[in-house]
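**Q** Encoded as structure tokens, here's the structure I'll be asking about.
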Amino acid sequence: MLKLWLKANRPQAAVLLALSVLFQAVSAYSLYLISPQLNSLIGGKFTWLFGLALLKLALDLFGNLLLAVNNYLFSQQSQAAIDSYRQNLLQAYYDSNDQWPTADLQNDLVNNLQVINQDYWQSIYYFVNNVLYAFFVSVAILSFNWQLVLCAWAIAIVALFVPKLFEEKSSAATEAVVNRNQKYLQALDQWLAAIEELRRFSLKKVLCRQLGEESQKLEDARIKRQACLSVAEFTQEIVDNIGIVGVPFLAGILYFRGQVAFGAIIAAGYLANGVFSSLQEAFSAYISAKSTTKLNETMLQHLQVQAAAKTEDPQTIIGRGIEVNLGGQVIKYPDFTIKAGEKVLLTGPSGCGKSSLLKLLLGQIEPSKGQLTYLDSEGKEIPNPARSFEYLPQAGWIFPGTVADNITMYDAKKQTKLAEVLKKVGLDRDFSKAVDLDREVSPQQADLSGGQKQKIFLARGFLRHKKFSLMDEPLSALDQASRQKILPLLLGRKQTLIFVGHNLPLEERERFDQVINLKEGEDFAN
Numbered sequence: 001m002l003k004l005w006l007k008a009n010r011p012q013a014a015v016l017l018a019l020s021v022l023f024q025a026v027s028a029y030s031l032y033l034i035s036p037q038l039n040s041l042i043g044g045k046f047t048w049l050f051g052l053a054l055l056k057l058a059l060d061l062f063g064n065l066l067l068a069v070n071n072y073l074f075s076q077q078s079q080a081a082i083d084s085y086r087q088n089l090l091q092a093y094y095d096s097n098d099q100w101p102t103a104d105l106q107n108d109l110v111n112n113l114q115v116i117n118q119d120y121w122q123s124i125y126y127f128v129n130n131v132l133y134a135f136f137v138s139v140a141i142l143s144f145n146w147q148l149v150l151c152a153w154a155i156a157i158v159a160l161f162v163p164k165l166f167e168e169k170s171s172a173a174t175e176a177v178v179n180r181n182q183k184y185l186q187a188l189d190q191w192l193a194a195i196e197e198l199r200r201f202s203l204k205k206v207l208c209r210q211l212g213e214e215s216q217k218l219e220d221a222r223i224k225r226q227a228c229l230s231v232a233e234f235t236q237e238i239v240d241n242i243g244i245v246g247v248p249f250l251a252g253i254l255y256f257r258g259q260v261a262f263g264a265i266i267a268a269g270y271l272a273n274g275v276f277s278s279l280q281e282a283f284s285a286y287i288s289a290k291s292t293t294k295l296n297e298t299m300l301q302h303l304q305v306q307a308a309a310k311t312e313d314p315q316t317i318i319g320r321g322i323e324v325n326l327g328g329q330v331i332k333y334p335d336f337t338i339k340a341g342e343k344v345l346l347t348g349p350s351g352c353g354k355s356s357l358l359k360l361l362l363g364q365i366e367p368s369k370g371q372l373t374y375l376d377s378e379g380k381e382i383p384n385p386a387r388s389f390e391y392l393p394q395a396g397w398i399f400p401g402t403v404a405d406n407i408t409m410y411d412a413k414k415q416t417k418l419a420e421v422l423k424k425v426g427l428d429r430d431f432s433k434a435v436d437l438d439r440e441v442s443p444q445q446a447d448l449s450g451g452q453k454q455k456i457f458l459a460r461g462f463l464r465h466k467k468f469s470l471m472d473e474p475l476s477a478l479d480q481a482s483r484q485k486i487l488p489l490l491l492g493r494k495q496t497l498i499f500v501g502h503n504l505p506l507e508e509r510e511r512f513d514q515v516i517n518l519k520e521g522e523d524f525a526n
């Protein structure tokens, strides 16, 4: 995830690093000036003291400006990285054949990215800045006496080994928080999806109890993680305090030996405090960053899913001995063979498995028995080519945007054919004006009748020209006149059509090349 952060805007990342180096150098030098100021005061050089005071003030103001710019650039860089990850994850989700749980995807797009931003990217930013500050402060101490630096870094080296004692526990604690958050989101999804049913049975207490238990488990995991981090930080503070006291004490000894000036005693105390406070913060940042190791690996793995293989349109579909188990109900399908260009009607009473057969063809469900085979033009078996199919479910989806967007599916090139398609499906009267097509709709407030929605879904298909189409009762919400107008158009298209119909009149059934009657379990051609 660090590479993703750097690649989000490489020039900006380089500028941020350079300004961080400058900021920490300025901050360390400003602190170093305490020594010559004290020496000037003791020596009665007040003009020199005044000049040093003005220089320190200027450096502090410049440092504050650098800090503000750095924080702004870091926020920009992190947001660019977040946007990049979201785009890459959605691309992986789109390309993947697998059905990802919605809660998992939401967790990655929102909560997990917040954890990575706060506990990983931000921690690395703090770690780098604090290490730079410790380095420049050490250079300042070296200007007094090498023994002071040796003392400071001897204690610092001991401090560097402390994080290893807590790395494994902190990582496990962070992973527990992530897992608990995911389970909490899943619980919300499962229980709130059935809110109307819960209301009918007056199960408010059950809902609150179940969600309350998951919420409490999440909070317990967060408390355990914070406890682990607190113990680690306390251990680090003990080591730091030894250094903060030890360095000025050594400076005092060196002063009485005549090896350093008096100002070095006070300045060494401030500088030593700077070393160990920065190391303490660097330690905390290191622990926080390392605690996200497993989360980093998981989120990167989500970007590396294999894209669905592209296949040619099938020339033949063969089903043999297929059975599907749906919640204990076993549906047995007749054997069938569908060739390219055929118009096939699936008919039968409600609940006989017509829609389920379409889902089988789409690969959304798997048969419990039997085999479904797709063959290419050479008679060779190919993987499920469902991504190239046109599919009109019983309940289609209205997307956020205009009516025109929902027909063209956001393809501006198809605007020129919009009027022709509207006339085909009988929407030319409903949306006769441009203002009607530009009307905003959404999944929650589509403000469209059932018939209008169904015609929009049909219009999408007429614009796409797919060679293979699955339609689940696409005319059920239309009046008789519209059905008689649109069905011949569907049957006249140069494509393979599998059409689910319920109680179609005999004259309409006879227009199909093949009828699969699921009630009788037979496969017969007209």
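For the record, in the sequence shown the residue sitting at position 430 is 430 according to the UniProt record's numbering, with numbers rising by one throughout.
Think of the CB as a built atom: it goes at the ideal place given N, C-alpha and C, for glycine as much as any other residue.
Treat the numbers as computed from the prediction; the structure is a model and nothing was measured.
1. Taking 8 angstroms as the CB-CB cut-off, is Glu366 touching chain B?
2. Under a three-way DSSP split, which group does Thr347 fall into?
3. DSSP beta-bridge partners for Arg320?
4. Of the residues Glu167, Ile317 and Ala140, which one's Cα is nearest the Cα of Phe283?
5. Three or more C-beta pairs under 8 angstroms: does that hold for the segment 13-28 against the segment 246-261?
6. Can you name, in chain order, every residue of its own chain whose Cβ lies under 6 angstroms from the Cβ of Ser355, other than the five neighbours on each side?
7. Taking only three categories from DSSP, how would you classify Gly258?
8. Would you call Thr47 buried or exposed, if buried means 16 or more other Cβ atoms sit within 10 Å of its Cβ?
9. Please report the distance separating the alpha-carbon of Lys424 from that of Gln122.
10. Which residues bound the beta strand (DSSP E) around Val403?
11. Give me, in chain order, the residues of the same chain whose beta-carbon lies closer than 6 angstroms to that of Leu113; leave out the 5 immediate sequence neighbours on both sides.
12. Can you say whether Gln118 is buried or exposed, counting buried as having 16 or more other CB atoms within 10 angstroms of its CB?
13. Which of helix, strand or coil does DSSP assign to Glu219?
14. Assuming contact is defined by CB atoms lying nearer than 8 angstroms, are Ala272 and Val260 in contact in what I supplied?
15. Rounding to the nearest angstrom, what Cα-Cα distance links Tyr126 and Val245 in this structure?
16. List the endpoints of the continuous alpha helix (DSSP H) containing Phe431.
17. Assuming Val344 contacts Ile498 under a Cβ cut-off of 8 angstroms, what Cβ separation, rounded to an integer in Å, is found between them?
18. Spatial neighbours of residue 578 within its chain, please: CB distance less than 8 angstroms, with the 5 preceding and 5 following residues excluded, ordered by chain position.
19. Indicate the three-state DSSP secondary structure (helix, strand or coil) for Ile331 in the structure shown.
20. Just the Cα atoms here: how many angstroms apart are Gly501 and Ala404?
21. Apply the 10 Å Cβ neighbour rule to Asn526 and answer buried if 16 or more other Cβ atoms are within range, or exposed otherwise.
22. Rounded to whole angstroms, what is the Cα-Cα separation between Leu303 and Met1?
23. Measure how close the beta-carbons of Asp313 and Phe457 come, nearest whole angstrom, since I'm counting them as under 8 angstroms.
24. With 16 other CB atoms within 10 Å as the buried threshold, where does Tyr286 fall?
25. Around the Cβ of Asp108, are there at least 16 other Cβ atoms within 10 angstroms (buried) or fewer (exposed)?
26. On the DSSP letters alone, give me the boundaries of the alpha helix (DSSP H) that Ile141 sits inside.
27. Consult DSSP for Gln12 and reduce its assignment to one of helix, strand or coil.
28. Give me the Cα-Cα distance between Cys494 and Leu326, rounded to the nearest whole angstrom.
29. For Phe399, which residues from the same chain have a beta carbon less than 6 angstroms from its beta carbon, with the 5 sequence-adjacent residues on both sides left out?
30. Which one of Gln106, Ala8 and Val131 has the shortest CA to CA distance from Leu73?
31. Check each candidate in Ile317, Val149, Lys332 and Leu360 and name the one with the smallest Cα separation from Lys339.
32. Who pairs with Val162 in a beta bridge, going by DSSP?
33. Are Asp95 and Gln182 closer than 8 angstroms when you measure CB to CB?
34. Looking only at its own chain, which residues have a Cβ that is under 6 angstroms from the Cβ of Gly521, when we skip the five neighbours before and after it?
35. Hey, quick one: how far does the beta strand (DSSP E) through Met471 stretch, first residue to last?
36. Do you know how far the Cα of Gln514 is from the Cα of Leu506?
**A** By the coordinates alone:
1. The structure shown has no chain B; it contains just one protein chain.
2. strand
3. Gln371
4. Glu167
5. no
6. Asp472
7. coil
8. exposed
9. 57 angstroms
10. It is not in any beta strand (DSSP E) - Val403 instead sits in the alpha helix (DSSP H) that spans Val403 to Thr408.
11. Ile82
12. exposed
13. helix
14. no
15. 25 angstroms
16. Per DSSP, Phe431 belongs to no alpha helix (DSSP H) and is neither H nor E.
17. 5 angstroms
18. This structure gives no information on residue 578, because the portion of the chain shown stretches from 1 to 526.
19. strand
20. 28 angstroms
21. Note that Asn526 scores 38 on pLDDT, short of 50, meaning its location in the model is unreliable and no value can be drawn from it.
22. 11 angstroms
23. 21 angstroms between Cβ atoms; not a contact.
24. buried
25. buried
26. Gln122 to Leu142
27. helix
28. Here residue 494 is Lys; the residue named in the question, Cys, does not match the sequence. Each residue's Cα considered, the two are about 34 angstroms apart.
29. Asn406
30. Ala8
31. Ile317
32. Answer is none; Val162 lacks a bridge partner.
33. no
34. Any answer about Gly521 is weak, because its pLDDT of 41 lies below 50 and its placement is not dependable; what the coordinates show is given next. Within the same chain, Gly521 has close Cβ partners Pro334.
35. Phe468 to Asp472
36. 13 angstroms
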